[in-house]
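Counting from 11, one number per residue, gives the positions in the sequence shown under our numbering.
A virtual CB, placed ideally from N, CA and C, is assigned to each residue, including glycine.
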Amino acid sequence: MNQELRDYVAQKSRELMDAPSCSREAREAAQAWLDAAGTDREEEQTKKYIAELEQDIVTVDGLAAFAESEAGIQVFGGEEAAKNVAAHAREIKAAGAKYCDCPACAAVEAILAKKEQML
Numbered sequence: 011m012n013q014e015l016r017d018y019v020a021q022k023s024r025e026l027m028d029a030p031s032c033s034r035e036a037r038e039a040a041q042a043w044l045d046a047a048g049t050d051r052e053e054e055q056t057k058k059y060i061a062e063l064e065q066d067i068v069t070v071d072g073l074a075a076f077a078e079s080e081a082g083i084q085v086f087g088g089e090e091a092a093k094n095v096a097a098h099a100r101e102i103k104a105a106g107a108k109y110c111d112c113p114a115c116a117a118v119e120a121i122l123a124k125k126e127q128m129l
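In structure tokens:
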């Protein structure tokens, strides 16, 4: 991986880790990748990191379904807020989005867009 790409992924990884919606697993994978970047462990950690990110990114359909569930109502702070999240998911899907646009998913999507170059 060249230094420009490594710097880009590092920046997006920090954005991911700073996002309130980042899962513990994604945060740990990002930190493990950052710790390995530029070392002989980078290739191995890159593969693990990508696998974790592919598991964690939320599709717009998944976001809408979650928002409309009992768990989503609790997470988003009530039925009205959850309905708004579900409506937002449908709006961004209609505009062509494939994934949730929260800060964590946006960072993951940006990193995964570089997946082929990273491997």
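Nearest residue (CA-CA) to E25, options Q127, A105 and A117: Taking the sequence shown and counting its residues from 1, the one referred to as residue 25 is at position 15. Closest in C-alpha terms to E25, from the list Q127, A105 and A117, comes A117.
Since L15 is in the alpha helix (DSSP H), which residue starts that stretch and which ends it? Locating residue 15 in the sequence shown gives position 5, where the first residue counts as 1. That run of the alpha helix (DSSP H) goes Q13 to D28.
Whole angstroms is fine: what's the gap from R16's alpha carbon to A47's? The residue labelled residue 16 in the question sits at position 6 within the sequence shown. The residue labelled residue 47 in the question sits at position 37 within the sequence shown. Straight-line Cα distance between these residues: approximately 7 Å.
Okay, do the region 59-75 and the region 30-40 touch, 3+ Cβ pairs below 8 Å being the bar? Touching, yes, given that three or more Cβ pairs across the two stretches are closer than 8 Å.
Which two residues bound the contiguous alpha helix (DSSP H) that contains T49? Sequence index remark: in the sequence shown, residue 49 carries index 39 (1-based). Counting along the chain, T49 falls outside any alpha helix (DSSP H), and DSSP gives it neither H nor E.
Got a sec? Which residues, its chain only, sit under 8 Å from A42 by beta carbon, not counting five neighbours each side? One-based indexing of the sequence shown puts residue 42 at position 32. Only Q55, K58 and Y59 meet the Cβ criterion.
Do the region 78-95 and the region 111-126 meet, that is, are 3 or more Cβ pairs less than 8 Å apart? With a cut-off of 8 Å, the region 111-126 and the region 78-95 do not count as touching, because too few Cβ pairs lie within range.
Measure the alpha-carbon distance for I67 versus C115 and round it to whole angstroms. Counting from 1 along the sequence shown, the entry for residue 67 is found at position 57. Counting from 1 along the sequence shown, the entry for residue 115 is found at position 105. As the crow flies, the alpha-carbon of I67 is around 5 Å from that of C115.
Leaving out five residues on either side along the sequence, give the residues of the same chain with a beta carbon under 7 Å from the beta carbon of F76. Looking up residue 76 in the sequence shown gives position 66. Closer than 7 Å at Cβ, skipping near neighbours: G82.
Is the beta carbon of L73 closer than 8 Å to that of A99? Counting from one through the sequence shown, the residue named residue 99 turns up at place 89. Counting from one through the sequence shown, the residue named residue 73 turns up at place 63. Result yes, Cβ atoms of A99 and L73 sit closer than 8 Å.
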